[in-house]
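> Handing you a structure now.
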């Protein structure tokens with residue numbers, strides 16, 4: 002490997018400045034030679050090919066089929082800076098070579114967790130609906146407007162999906178001293194107990210919890226698993242917050258539960274975004290958040306920091322710990338809709354441009 | 002004292018059923034003989050006078066001037082079930098006799114703290130305003146709508162007033178790992194440090210914190226202490242949540258800061274409630290909650306429990322610990338507007354009826 | 002009251018320098034005029050009498066019968082700097098006047114709690130006994146010496162007596178995620194639950210817990226309540242740590258349980274101190290600590306700080322919060338052996354000298 | 002792969018019953034066909050060879066050179082049940098195939114952490130030395146024996162090495178509200194900050210902390226890095242607890258610091274175990290623990306549970322999470338003395354037997 006490591010930076014559809022602030026950029030340049038170009042879209046294939054023989058890491062969404070990986074003998078890590086593992090990297094070739102496939106996904110855990118908690122408190126207390134009523138001169142004061150209000154403190158709370166996001170939420174909930182039931186089929190009960198929560202079946206979480214957070218990622222196996230039957234298991238007047246991916250829910254059934262008034266529901270994600278102007282969800286009792294939970298300035302700042310921290314470890318021959326590492330066992334399952342669509346868009350783009 | 006203790010129950014303006022559910026009522030009757038009457042308004046003076054010679058405790062807002070206290074040789078506690086210490090009890094006579102003056106105020110701490118946190122998260126992330134925008138077809142997705150969004154996690158948070166409410170809020174915030182600056186002139190710095198917070202001057206709290214919770218009670222000395230000059234010390238775009246009493250703030254100055262867009266403000270209290278139909282605050286950017294933070298079903302359930310717990314201790318000759326105890330030093334200061342108005346109303350009512 | 006408040010300092014049997022370091026002394030003098038004298042023993046009666054008409058507070062163990070209290074019209078607080086409430090202060094006169102009776106007892110809570118935890122870990126793992134074995138060349142390595150070793154983490158822990166000390170210990174145990182059963186007849190179950198513990202009967206604590214901390218103070222009612230029958234309820238091989246007062250235990254029965262090897266026992270207190278040179282307890286399997294748990298330098302430093310903090314509040318007309326306040330209901334019960342003996346010693350001394 | 006997965010169990014030098022209790026054994030058999038034999042020592046090579054074509058996992062310390070790995074096409078995991086990664090497994094072949102190399106090391110984290118805390122409390126308060134003094138009739142009571150006693154609460158604590166053990170200790174320390182400085186060259190500062198600690202250089206930890214825990218594992222690079230010069234940086238009278246591996250310390254220098262009385266030192270590990278009968282360390286002021294911190298019954302119970310939890314995940318095609326995973330980057334570095342000696346012993350054994 003060359004004395005000074007080389008890094009390929011291919012941030013599209015993000016821009017370099019969104020990932021690294023000036024101080025972070027200086028830290029990157031002190032660490033390695035940065036190969037990049039100021040282009041709209043992905044780096045030109047010629048630049049990528051020229052860099053492959055010497056790059057130690059790729060930051061970005063560059064297509065990396067097995068042939069390219071074979072041409073990059075010093076490559077140790079491919080760091081996706083968008084937030085999803087994507088199919089345009091040949092994972093098998095990477096794992097066989099000990100090349101890390103990393104994602105900045107963890108940076109969104111705290112922002113989404115705070116939003117999810119905010120949405121749950123809103124529904125438990127009627128914050129948004131009461132503000133609206135007061136603007137319309139329809140408010141009720143004190144106890145008279147509070148028949149349905151309840152505390153999250155010491156409540157039974159359900160979490161479906163206990164990855165970075167679920168664990169960040171659990172931490173935020175510490176002060177509420179809740180009982181937390183967790184359903185996550187990828188985790189043994191003891192791992193959930195170590196976090197102070199109780200492992201439970203999906204049915205048990207849905208039928209027992211007063212507040213339910215739907216936080217599972219989409220895999221090739223779990224699309225729509227929160228279907229109408231699952232929703233009907235939830236107790237009357239429970240609070241339901243959907244904060245990960247719309248595709249895990251049978252969305253029309255969710256809207257129907259909100260429309261009927263049986264459940265209090267908030268969502269940050271929708272099957273099609275932007276939502277159509279005449280979509281009736283806009284006038285439903287659902288609390289609506291237009292996919293804003295994750296992408297806040299603090300998350301983007303955190304991307305730069307985590308990428309640099311792990312790059313430093315990798316270049317020193319150590320294991321990365323601040324980004325999400327793709328697992329040989331599950332990388333094939335972790336294909337969110339966004340990832341697949343992005344892959345398709347990429348394919349079209351590549352067909353046209355390269 | 003008689004073998005079986007007697008309790009006078011005079012809950013007006015609350016009703017007995019609001020304070021004790023059936024199980025709690027059974028516990029009360031097992032503990033003592035209950036003297037009460039099903040009347041609108043306070044108990045008739047004749048009933049009170051008849052009971053005084055043998056009552057061990059009064060639950061309610063009965064006028065207790067020194068003469069009445071003198072006629073109650075077994076009296077050990079006067080328990081206000083409304084939530085404020087009121088001037089219709091002669092505190093000096095009570096303290097001289099070791100009679101406890103107790104209030105159910107602590108039951109509102111958790112409900113108000115959760116609401117205050119919900120309001121702060123709403124302002125930090127624009128939950129209510131974005132829901133409104135989406136109903137109007139004006140939403141922006143993802144990062145584009147998030148320029149002003151920030152995390153409470155690891156933020157610098159200011160708390161003004163650190164009684165039951167402030168401490169309940171601090172506990173809820175544990176999971177956010179914030180730096181918390183507390184201003185409370187009744188507390189030494191070491192007492193604040195024991196709670197993991199930093200004591201600070203009012204000026205320091207206002208000028209340093211990104212999120213400010215105004216949680217002080219009203220005393221005869223602090224009305225309007227958050228005035229225009231104080232508000233101007235707060236940094237641009239900070240979040241301010243008023244959740245205790247409107248009278249601690251110069252309210253028009255608060256509304257002006259919201260109108261100008263310089264601060265993000267939520268309030269649960271207003272100088273005059275109900276707010277006038279044409280009050281411009283209804284159309285201001287302020288997040289509006291019509292005095293709903295405290296009076297939720299869980300709080301009323303808690304009243305019964307705390308009253309019974311402390312009554313049990315008192316009847317066993319022990320010190321109460323679950324209700325707020327009036328302090329000889331400060332009882333004269335703790336006169337909220339509600340209390341004073343209630344006292345005036347009471348006086349008028351008494352003049353007319355007795 | 003005079004413009005500048007006067008304080009009487011009568012620290013015997015402590016000395017002024019043990020209570021206030023130079024910085025603390027400067028803070029005291031800035032706060033008030035200090036009336037004191039450099040004498041062995043208590044202040045002369047003449048100095049006390051001369052001071053009474055103007056003192057705002059007494060720091061020390063001065064005899065304060067009702068007649069003296071009557072001659073101190075400005076008196077607001079009597080602050081015992083030893084650690085126990087003593088019978089040489091007429092409590093009824095104080096309570097009738099709103100004079101606080103305060104004790105520095107809380108300063109010992111943390112030191113004793115850390116020692117109690119250290120003793121429990123020692124017994125759970127055999128630290129002292131194994132060090133002794135290794136000095137004698139009798140050690141066993143690794144697993145072979147560990148048959149009886151167990152974790153406090155997630156263990157069921159019992160606490161008998163849940164005052165300042167018990168609560169300090171509970172806090173230290175947080176990281177161990179234990180189940181904690183608490184027996185304290187002065188506390189309602191809900192107050193114990195607020196601390197994350199479970200209220201239980203004495204029998205339940207003794208028969209259920211793997212580690213039992215005996216932390217109750219001595220009152221006129223509970224001497225020897227941990228008797229032989231109580232000790233026999235404890236499960237075989239449990240760990241028992243006595244860290245408050247020897248008088249709450251039937252001590253010979255405790256020693257017998259240690260001698261038989263049925264229980265693992267540590268104690269910081271003994272019925273007679275110093276322990277007689279030939280007392281067989283010295284050669285028992287009990288882990289022995291000669292009343293060292295509380296009186297460490299950090300505790301003495303804390304006395305000065307807490308006294309000054311509360312004095313400042315009192316002189317400003319506010320309620321003290323950093324020292325222990327005598328309660329009208331229980332002051333008569335809180336008479337530890339030390340207190341009673343001290344009172345007797347005082348009486349003899351007074352008889353001779355005044 | 003065959004319908005029912007096969008597992009090779011080769012536990013030597015542990016025995017099957019030490020790893021699985023009856024309930025755990027039943028769970029294992031329900032999960033897979035178990036191939037094993039009741040032999041002293043490792044399984045016969047013939048049995049291993051016969052099993053390789055169909056095994057999904059190996060539980061034990063079987064030699065697995067690349068040739069054997071090549072003969073095990075269904076192999077997904079090699080689970081060491083002793084506690085160290087050993088050189089008798091060809092790591093490169095495993096990583097290229099996505100075969101997990103796992104160790105039960107995490108089961109020892111909590112036991113060692115509790116012991117380390119117990120040793121630190123002992124040194125801070127003189128528990129063992131005072132018990133010894135009292136047995137010799139030399140005890141001093143109360144304050145007079147406490148000049149050197151100090152609190153861990155709010156102390157500055159240093160941790161050198163922040164793997165499973167360091168993190169377990171940090172959790173135990175939560176209730177002490179300490180400031181914790183951590184030195185671990187494999188971790189970015191932000192990862193340490195996420196645990197509520199501060200990253201620091203080794204020099205800063207040694208010179209700043211009042212209590213220092215030496216918890217680093219041995220690698221091929223860090224042997225003896227706590228040398229005499231490092232020890233001299235530690236402040237006078239600090240507490241030092243060595244609880245990982247003797248080889249990270251220049252042991253004679255450590256003993257010298259204890260002998261001189263400058264530092265208070267406890268150790269659970271020694272360069273040569275068993276310690277020679279006439280080793281002067283036996284009479285030194287050091288607090289001595291004969292390698293007992295980890296191997297307690299709870300740890301052995303935990304081995305079975307963690308192995309079964311991860312085996313279940315692996316057989317379901319998911320990633321293991323309860324055992325330590327060897328990292329391609331660092332597996333070559335993680336060679337403790339025990340591991341190397343074991344490898345040597347193994348080599349000798351293999352030479353003789355196979």
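Residue numbers (our numbering), protein chains in the order written: chain A, 2 to 355; chain B, 2 to 355; chain C, 2 to 355; chain D, 2 to 355.
Ideal Cβ placement from N, Cα and C applies to all residues, glycine included.
Report yes if the C-beta distance between residue 9(C) and residue 56(C) is below 8 Å; otherwise report no.
Yes. Within cutoff.
> So if I threshold CB-CB distances at 7 Å, which residues from the segment 68-102 of chain D count as touching chain A?
Going along the segment 68-102 of chain D in chain order, one finds 96, 97, 99 with a Cβ nearer than 7 Å to chain A.
> Which runs of the beta strand (DSSP E) spanning at least 3 residues fall entirely within the segment 63-124 of chain D, listed in chain order?
78-81, 101-104, all fully within the segment 63-124 of chain D.
> Would you report the Cα separation of residue 324(A) and residue 115(A), rounded to the nearest angstrom?
When rounded, the distance between both Cα atoms is 20 Å.
> Tell me which residues of the segment 273-306 of chain C have at least one Cβ-Cβ distance to chain B shorter than 8 Å, keeping chain order.
Under the 8 Å Cβ criterion, the segment 273-306 of chain C contributes 306.
> So, at 7 Å on beta carbons, what are the nonlocal neighbours of residue 201(B) in its own chain, with the 5 sequence-adjacent residues on each side left out?
Excluding sequence neighbours, residue 201(B) sits near 182, 183, 184.
> Would you please state the rounded distance, in angstroms, between the beta carbons of residue 314(B) and residue 304(B)? I believe it to be under 8 Å.
16 Å between Cβ atoms; not a contact.
> For residue 61(A), which residues does DSSP report across the bridge?
11(A).
> With distances taken from CA atoms, which of 215(D), 6(D), 278(D) is nearest residue 75(D)?
Out of 215(D), 6(D), 278(D), 6(D) has the C-alpha closest to the C-alpha of residue 75(D).
> Which residues in chain A sit within 7 Å of residue 330(D), going by Cβ to Cβ distance?
Ordered by position in chain A, the residues that pass the 7 Å Cβ test against residue 330(D) are 318, 319, 320.
> May I have the straight-line CA-CA distance separating residue 337(B) from residue 207(B), to the nearest angstrom?
Any reading at residue 337(B) needs caution, since the residue's pLDDT is 49, under 50, leaving its predicted position unreliable; the model's value is listed next. Each residue's alpha carbon lies about 23 Å from the other.
> Under 7 Å Cβ-Cβ, which residues of chain A neighbour residue 187(D)?
319, listed in chain order.
> With C-beta atoms as the reference, is residue 107(C) less than 8 Å away from residue 297(C)?
No, the pair does not count as a contact, with Cβ atoms beyond the cut-off.
> Only counting the same chain, and skipping five residues up and downstream in sequence, which positions put a Cβ closer than 6 Å to that of residue 94(C)?
The answer, listed in chain order, is 67, 70.
> Can the beta-carbon of residue 249(A) be found closer than 8 Å to that of residue 294(A)?
No. Outside cutoff.
> Taking Cβ positions only, does residue 341(B) come closer than 8 Å to chain A?
Note that residue 341(B) has pLDDT 47, beneath the 50 cutoff, so the model's placement of it is unreliable and the number below is only indicative. No - not a single Cβ of chain A is within 8 Å of the one on residue 341(B).
> Once DSSP output is grouped into helix, strand and coil, what is the label at residue 292(A)?
Here residue 292(A) sits in coil by DSSP.
> Taking Cβ to Cβ, would you say residue 88(A) is nearer than 8 Å to residue 62(A)?
No, they are not a contact pair.
> Since residue 214(A) contacts residue 117(A) with CB under 8 Å, what's their CB separation in whole angstroms?
Rounded, the Cβ-Cβ distance is 6 Å, consistent with contact.
> Please give me, in chain order, every unbroken run of the alpha helix (DSSP H) with length at least 4 that falls completely inside the segment 126-164 of chain D.
Runs of the alpha helix (DSSP H) inside the segment 126-164 of chain D: 128-136.
> Is the CB of residue 231(A) under 8 Å away from at least one CB in chain B?
It does not: the Cβ of residue 231(A) has no partner Cβ on chain B nearer than 8 Å.
> Go to residue 214(C), then tell me how far its beta strand (DSSP E) extends in each direction, as first and last residue.
212-215 is the extent of the beta strand (DSSP E) around residue 214(C).
> Can you tell me where the beta strand (DSSP E) holding residue 182(B) begins and where it ends?
That run of the beta strand (DSSP E) goes 180-184.
> At a Cβ threshold of 8 Å, is residue 38(A) touching chain D?
False, the Cβ-Cβ gap to chain D never drops below 8 Å.
> How long is the line joining the alpha carbons of residue 145(C) and residue 292(D), rounded to whole angstroms?
Cα-Cα distance, rounded: 10 Å.
> Let me see if you follow: with CB-CB separation under 8 Å, is residue 64(A) close to chain D or not?
Residue 64(A) does not count as touching chain D.
> Count the other CB atoms within 10 Å of the CB of residue 258(A); is the residue buried (16 or more) or exposed (fewer)?
It counts as buried.
> Listed in chain order, which residues of the segment 141-155 of chain B have Cβ atoms closer than 8 Å to some Cβ of chain A?
For the segment 141-155 of chain B, which is checked against every Cβ of chain A, the residues closer than 8 Å are 141, 142, 143, 144, 146, 147, 148, 150, 151, 152, 153, 154.
> For residue 187(C) and residue 312(B), which I take to be in contact (beta-carbon distance under 8 Å), what is that distance rounded to the nearest angstrom?
About 15 Å separates the two Cβ atoms, so there is no contact after all.
> So is residue 47(B) buried or exposed if we call it buried at 16+ other beta carbons inside 10 Å?
Residue 47(B) comes out exposed.
> If distances are taken between C-alpha atoms only, which option among 232(B), 16(B), 261(B) comes closest to residue 203(B)?
Ranking the options by Cα distance to residue 203(B), first place goes to 232(B).
> Does DSSP put residue 282(B) in a helix, a strand or coil?
Note: residue 282(B) maps to helix in three-state DSSP.
> Should the segment 327-335 of chain A be regarded as contacting the segment 23-38 of chain B, the criterion being three or more beta carbon pairs within less than 8 Å?
No: fewer than three Cβ pairs fall under 8 Å.
> Cβ closer than 7 Å: which chain A residues qualify as neighbours of residue 120(B)?
Ordered by position in chain A, the residues that pass the 7 Å Cβ test against residue 120(B) are 128.
> Under a three-way DSSP split, which group does residue 322(D) fall into?
Residue state, collapsed to three classes: coil.
> In this structure, does DSSP put residue 19(D) in helix, strand or coil?
In this structure, residue 19(D) counts as helix in the three-state DSSP scheme.
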